[in-house]
């Protein structure tokens, strides 16, 4: 018999929590009254069980359930459904962690590149990586390529599309990827550096397939993907034989799963090599604790699953580089977007300042 | 110039709401400081705009944004991203509605069968439809087929898989669908009725393709799908040439989009012919208002988009049939699962009672 564990925070009165926990165990497994189940082996082997209940705050309880791994069918939709299918509709329940036994974990390969692979790809071994975004959407492929050229000249490791740039007519995937890959190659030839361009991949399976073919042809080694926008099972299948590193984007991923679990652990399990998330003190309200938990979930040792690189983002500035590196340490990617572009005509200089600050920050760790 | 409208509820101090609304408009479009944008046409044509702000409750404001349709790329991931990509990560923001102009709406076909098609398929024109679920997971194909046979004998219109039954080894898709389709066909031959079986479709694109092929071969006319479990763009593409009616399941769809918008409007836009949701007074906490809004979003006239059938569910009982039909009216499907199974040896009688209650309820509308 194999079991996985799922941990929830449930808002409840102390007097109701046992019944709530039992109801959750039923909801996430047999979804019918146990008294109406006529097969004792189903109650024994399929019905989820309450492992523990502990109060963790005023009216908040930590409930650990044990679920039969077989109920996941060892596939992504089954896993998500067992963990957070129906109970995603119950606003007083948050999924905060899961633990998969080896038999289930072995169905997942996690990041194919991971931190080590990203470092090899970018040839950066002794400092945090740097990243910026091509913005705003509405620019033509030529304009985006000009920006990318300047960023690459400035020595940024990874230049990614703004995640809002998908397949709009003003910058179609094929034209945009070709123009930007050439611009970056030209800058690399001039600097002797190794900047990579990560285009945004978004679409239905058919669009993804077409765009991946284009990306391969153009020599793309790294892509930006929002797993929740395209769907987790599609993402997981796509990564299988992708052969490119994956930067995970959090768009559409806010859903009462703890951010550390969703963007750190789950995205990693499904194969993001690096995971972008809203850093504390930016445009979003994540706390330092949430951010540290997330980085930890992305990087901590975990069976055969490679670590994934945390990418704090969302309104970061060049001025904060030292603080951010101090907080996250060496195995981090710094993503500064709008704050570079705000330099206008001094884009190259601001980019260089960003790159130099990151390099210098290492000595202070 | 074409614009779509998105409506949010934002928790805010009155003094901050204008700045919050402007920040949201930037977040969901250009995602960088407007002052750093060097192309005036992008500020004019791409930057989202705040259309209106109105207080709707204590510290809650209704904010309507106008976004450029072009930014959606006229594809599902682009649309979702524009509406609720990054701001899904901001816990004080809820997406409550959207309005698409004809140029964008024409990219979507909505339900292929809709209410009229479901009525034709089931040959039920003058009463609400009835539905039940094969449970619990863990049963073998033979056991599930026996249940389905009894339900069909009892005269249920639609017998669906429990949504937790995906591709587990104890009831593999191919065996299960074959066994249940035969059992239902046999019951139909005996009763002269027209019960349909809707198997649960879940998986990566590859699994979906394989399972659909099996379903087609077995003559399946109707499937159960959780669009969020498989991913919205995959779902939308799959419906294109599906040729089967789709029952939408809400698993994994809780995410601070208003339920009426997510399960009513968006699922319908993407093609669910019927949408299952947690009814008020069941295992979930939806209010009567939420449920009525949802039914309204599913059924209201909407350009070329067929209406979708509301399916209140989640712990419903035979005893409540009359009340539920009174609340939702004729164009409704009643889904009772565990409450039928709880009848044990009297499953057929309870099923017949359910069916008769629904038929009788019509006179009281």
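Protein chains in written order, with the numbering used here: chain A, 110 to 474; chain B, 110 to 474.
Glycine included, each C-beta is placed from N, C-alpha and C at the ideal position.
Pairwise C-beta distances place the region 341–349 of chain A out of contact with the region 385–400 of chain A, as fewer than three of them are shorter than 8 Å. Within chain A, the residues 337, 359, 360, 361, 362, 363 and 364 have their CB atoms less than 9 Å from the CB of residue 197 of chain B, given in chain order.
Within the DSSP secondary-structure output, residue 240 of chain A pairs in a beta bridge with A:267 and A:444. Put simply, the CB of residue 393 of chain B is near chain A, with a gap under 9 Å to one of its CB atoms. An exposed status is given to residue 128 of chain B, since fewer than 16 other beta-carbon atoms sit within 10 Å of its beta-carbon. With contact defined as three or more Cβ pairs closer than 8 Å, the region 427–442 of chain A and the region 456–464 of chain A are in contact. Residues of the region 155–184 of chain B whose Cβ lies closer than 7 Å to any Cβ of chain A, in chain order: 155, 179, 180, 182 and 184. Put simply, of B:446, B:307, B:115 and B:269 the residue whose alpha carbon is nearest the alpha carbon of residue 161 of chain B is B:115. At least one C-beta of chain B is nearer than 9 Å to the C-beta of residue 138 of chain A. Any Cβ of chain B closer than 9 Å to the Cβ of residue 151 of chain A would place that residue at the interface, and such an atom is present. Taking 9 Å as the cut-off, the Cβ atoms of residue 244 of chain A and residue 141 of chain B count as close.
If you draw a straight line from the Cα of residue 131 of chain B to the Cα of residue 406 of chain B, it comes to about 28 Å. No Cβ of chain B is located within less than 9 Å of the beta carbon of residue 114 of chain A. Here residue 277 of chain B is buried. Its C-beta has 16 or more other C-beta atoms within 10 Å. Counting only unbroken stretches of 4 or more residues, the alpha helix (DSSP H) elements lying wholly within the region 368–404 of chain A are 376–379, in sequence order. Counting only residues of its own chain and dropping the five nearest sequence neighbours on each side, residue 122 of chain B has no CB closer than 6 Å to any other CB. Distance from the CA of residue 450 of chain A to the CA of residue 318 of chain A, rounded to the nearest whole angstrom, comes to 32 Å. Approximately 4 Å separates the beta-carbon atoms of residue 270 of chain B and residue 309 of chain B; this is inside 8 Å, confirming the contact. In summary, the residues of the region 434–452 of chain B whose CB is separated from some CB of chain A by less than 7 Å are 446, 447, 450 and 451, in the order they occur in the chain. Residue 231 of chain A and residue 305 of chain A do touch by the CB rule: their CB atoms are close to 6 Å apart, below 8 Å. At a Cβ-Cβ threshold of 9 Å, residue 216 of chain A and residue 112 of chain A do not count as neighbours. With fewer than 16 other Cβ atoms inside 10 Å of its own Cβ, residue 328 of chain A counts as exposed.
The Cβ atoms of residue 314 of chain A and residue 410 of chain B do not sit closer than 9 Å to each other. In the structure shown, residue 295 of chain A falls within a helical segment according to DSSP collapsed to helix, strand and coil. C-alpha of residue 168 of chain B to C-alpha of residue 120 of chain B: approximately 6 Å in a straight line. Taking a C-beta cut-off of 8 Å against chain A, the contacting residues of the region 296–327 of chain B are 311, 312, 313, 314, 315 and 316, listed in chain order. Residue 421 of chain B and residue 378 of chain B have their C-alpha atoms roughly 19 Å apart. By a beta-carbon distance limit of 8 Å, residue 333 of chain A contacts residue 358 of chain A. Their separation comes to about 6 Å. Residue environment: residue 250 of chain A is assigned as buried (16 or more neighbouring CB atoms within 10 Å of its CB, all protein chains considered). Pairing residue 423 of chain A with residue 237 of chain A gives a Cβ-Cβ distance that is not under 9 Å. Interface annotation, residue 277 of chain A: in contact with chain B, CB-CB separation under 9 Å.
Nearest neighbour of residue 413 of chain A by Cα position, chosen from A:376, A:292 and A:218, turns out to be A:218.
Listed along the chain, the chain A residues whose CB falls inside 9 Å of the CB of residue 146 of chain B are 244, 245, 247 and 450.
If you draw a 10 Å sphere on the C-beta of residue 246 of chain B, you find 16 or more other C-beta atoms in it, and that means buried. Annotation: Cβ neighbours of residue 341 of chain A in chain B (cutoff 7 Å, chain order): 340.
Interface residue (Cβ-Cβ distance to chain B less than 9 Å): residue 191 of chain A is classified as such.
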